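Here the numbering used here runs 144 ahead of the position in the sequence shown, where the first position is 1. Structure, as structure tokens:
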Amino acid sequence: MKLKPLQIGNLVARIPIIQGGMGIGISLSGLAGAVAKEGGVGVISAAQPGFNEPDFRENTQEANMRALGREIRKAKEISNNGVIGVNIMCALRHYKEYVRCCIENGADLIISGAGLPTLLPELVQGSKIKFAPIVSSLKAIQVLFKLWTRRYHTVSDFVVIEGPMAGGHLGFSPEEVQGDDFSDYDEEIKRIIAYVKSFEEPFGKQIPVIVGGGVYDRSDIDHALSLGADGVQMATRFCCDRGMRCRHIFQANVCRGKKRGYCHCKKSCWNAGTGNSECLYSGERNRPSACNTLLPMLGAL
Ligand SMILES: Cc1cc2nc3c(=O)[nH]c(=O)nc-3n(C[C@H](O)[C@H](O)[C@H](O)COP(=O)(O)O)c2cc1C
145 MKLKPLQIGN
155 LVARIPIIQG
165 GMGIGISLSG
175 LAGAVAKEGG
185 VGVISAAQPG
195 FNEPDFRENT
205 QEANMRALGR
215 EIRKAKEISN
225 NGVIGVNIMC
235 ALRHYKEYVR
245 CCIENGADLI
255 ISGAGLPTLL
265 PELVQGSKIK
275 FAPIVSSLKA
285 IQVLFKLWTR
295 RYHTVSDFVV
305 IEGPMAGGHL
315 GFSPEEVQGD
325 DFSDYDEEIK
335 RIIAYVKSFE
345 EPFGKQIPVI
355 VGGGVYDRSD
365 IDHALSLGAD
375 GVQMATRFCC
385 DRGMRCRHIF
395 QANVCRGKKR
405 GYCHCKKSCW
415 NAGTGNSECL
425 YSGERNRPSA
435 CNTLLPMLGA
445 L
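Here is the structure:
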């Protein structure tokens, strides 16, 4: 079966795959541009994009903004104006400035999770940029859509659902992410999709729903689509790509983690923990102290 393109307002991705944002230099213009060039949606992470700038330590904020703007423009260029987004976690300091930076540098969309992006409609007002929250429960999207309709008379342009296999910062307890059977979560996905779709008619627009977490191959994609999703988000899958600076570390950690039993190949590498910290140290410039300050944040994800 041929995959249907993903349409978000006036944006069209030929292939309904969004590459998940991966912080601290893992998804920058190289990956995002390549994914978008192939017809998917490439996503740059706003989590310390300037980590490799010469003045990162002294001027962290400025370095991050400069790098983010440059990476957005570069990704648009690499992809011949493909669909490029930015993942901005709600927990980030200078959230509003990151949103502004995305708009000013021509990003097509913003995906925002690790909390509820309650102010996002206000921050993007007047721009063409599309936006989506990342949610893991029906309750979360209900809270957001109720708030946004009441306060701004709007809802988001699309919604990203991240399930227990997406790892880390989603509000699942360690117990909830144990084991291999997450089929119960399929029902939650269906409930979220039904809820989101009920806003399409009143708001006169399609609101695509994207499912992420543990999506690795075509059968995972087909499964998500069979639940009613319009596309998928994939992140870990891209970490082992030939062009990725961190690929050896990821490959090694997935295998090692698998042996230790805390990271299944079918689950996100994010859960492997050590994979990410080592990944930071594998950069061209090794800045242990700067990296050390990032590790607590990674741990919290
Ligand atoms: C190395 C790595 C870094 C990530 N960084 C971020 C991030 O900066 N912001 C965010 O919202 N999610 C982040 N994520 C989560 C991904 O965007 C994605 O939603 C999730 O990993 C999907 O599951 P998958 O990896 O099984 O495909 C990260 C994931 C990985 C593996």
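Every residue gets a Cβ at the ideal spot worked out from N, C-alpha and C, and that includes glycine. Keep in mind it's a predicted model, so treat the numbers as computed, not measured.
Distance, Cα to Cα, S271 vs A207? 24 angstroms
Taking the C-alpha atoms as reference points, what is the distance between I162 and G356? 9 angstroms
Find the nearest neighbour of P261 within the set M233, R237, L253, K274, judged by alpha-carbon distance. M233
DSSP three-state call for L253: helix, strand or coil? strand
Look at the alpha carbon of E332 and the alpha carbon of A284, and state the distance between them as a whole number of angstroms. 12 angstroms
Please name the residue, chosen from I278, K290, T298, R295, that lies closest to P308 on a Cα-to-Cα basis. I278
I'd like the span of the alpha helix (DSSP H) that includes S189, first residue to last. Looking at the DSSP string, S189 is not in any alpha helix (DSSP H); the run it does join, the beta strand (DSSP E), is 185–189.
Looking only at C-alpha atoms, which of G226, Q151, T380 sits nearest to A180? G226
How is the beta strand (DSSP E) around V359 delimited, first residue to last? Careful: V359 lies outside any beta strand (DSSP E) and carries neither H nor E.
Determine the DSSP secondary structure at P308, reduced to helix, strand or coil. helix
Could you check if C246 belongs to the surroundings of ligand 1, using beta carbon to heavy atom distance under 7 angstroms? no
Do you know how far the Cα of I170 is from the Cα of L264? 24 angstroms
Segments assigned beta strand (DSSP E), at least 3 residues, entirely inside the segment 174–251: 185–189, 227–231
Tell whether a beta-carbon distance below 8 angstroms holds between I216 and I247. no
Near D366, which residues of its chain fall below 8 angstroms by C-beta distance, leaving aside the five closest residues on each side in sequence? M145
G186 versus Q286, I168, G259, I255, residue with shortest Cα-Cα distance: I255
I'd like to know whether the C-beta atoms of E266 and Y296 end up nearer to each other than 8 angstroms. yes
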